[in-house]
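Colleague: In the working numbering, the protein residues as written are 16 to 241.
Note that the Cβ used here is the ideal one computed from N, Cα and C, for glycine as well.
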Amino acid sequence: MERTDKAGVRVRFAPSPTGHLHVGGARTALYNWLLARSQGGTFVLRIEDTDLERSTEQAIDQIVDGLQWLGLDWDEGPRIGGPHGPYRQMERAGLYAEKADGLLADRKAYRCYCSAEDLDAARSQAREKGEPYIYDGCCRRLDGDTEAVFREEGRQSVIRLRTPTTGNTVVKDLVHGEVSFENVLCGDFILVRSSGVPTYNFAVAVDDIAMRKNHGIRGDDHLQNT
16 MERTDKAGVR VRFAPSPTGH LHVGGARTAL YNWLLARSQG GTFVLRIEDT DLERSTEQAI
76 DQIVDGLQWL GLDWDEGPRI GGPHGPYRQM ERAGLYAEKA DGLLADRKAY RCYCSAEDLD
136 AARSQAREKG EPYIYDGCCR RLDGDTEAVF REEGRQSVIR LRTPTTGNTV VKDLVHGEVS
196 FENVLCGDFI LVRSSGVPTY NFAVAVDDIA MRKNHGIRGD DHLQNT
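1. Which residue comes first and which comes last in the beta strand (DSSP E) that contains Asp188?
2. Quick one: Cα of Leu119 to Cα of Asn216, how far?
3. Any beta carbon from chain C within less than 9 Å of Gly40's own beta carbon?
4. Closest by CA to Thr184, which one among Ser172, Val199, Arg126 and Gly97?
5. Which ranges would you report for the beta strand (DSSP E) in the region 24–57 if only whole runs of at least 3 residues count?
6. State the start and end residues of the unbroken alpha helix (DSSP H) segment that holds Ile78.
7. Could you pull out every residue in the same chain whose Cβ sits closer than 6 Å to the Cβ of Leu50, ignoring the five residues on either side in sequence?
8. Rounded to the nearest angstrom, how far is the Cβ of Arg175 from that of Ile205, given a contact under 8 Å?
9. Confirm, please, whether the CB-CB distance from Leu85 to Phe28 is below 9 Å.
10. Between which two residues does the alpha helix (DSSP H) carrying Arg138 extend?
11. Could you have a look at Gly117 and say whether DSSP puts it in helix, strand or coil?
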């Protein structure tokens, strides 16, 4: 399909290489590709391989080959490069670390030293009460001296986003309209694991901004992730 330069639409398809390209993924890729081509925009392919236990090189090749077989060519991504690469998330670790450090410096994020046992106990208590588990934010109140002691003890930490505790976050969706989420129900979710590997939502947000994505077609299951 011939491209024109009449619009600045930038969309992406970002599969996780944990298996074959399936019909649902191919459909999502097709919709984004059609939007880019119909508007003279840019279709970006990005590989989201932060799941180190399940991601494989074989799956990457199968996904890329499958898209080529379907005729869904991309303008930026694996095998061709582009101005916003690299296009594999595990090759972008430095960018995620930089952004996480910036959030810590601005006090928009903080280090959490809660152990797995502590969190499991909190989840069990929530289940017993029939309530959804929401992290209580206890580590957002730690002072520098306490953190220094924890580090001296060798405690591992994750980085959590300091989410608002009041008000709503509103997502403007072209299909669903305005969708509102209560901030108090979101909790201070994890951005970076103790291993230093970013979580899915953090890496996606950083990359979408860096790659200048301005439109997206995704399944309803990703609305809450947004």
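Modeller: So, to answer that:
1. Asn183 to Asp188
2. 17 Å
3. In summary, chain C is missing from the structure at hand, where a single protein chain is found.
4. Val199
5. 25–28
6. Glu72 to Leu85
7. Val26
8. 6 Å
9. no
10. Ala131 to Glu143
11. helix
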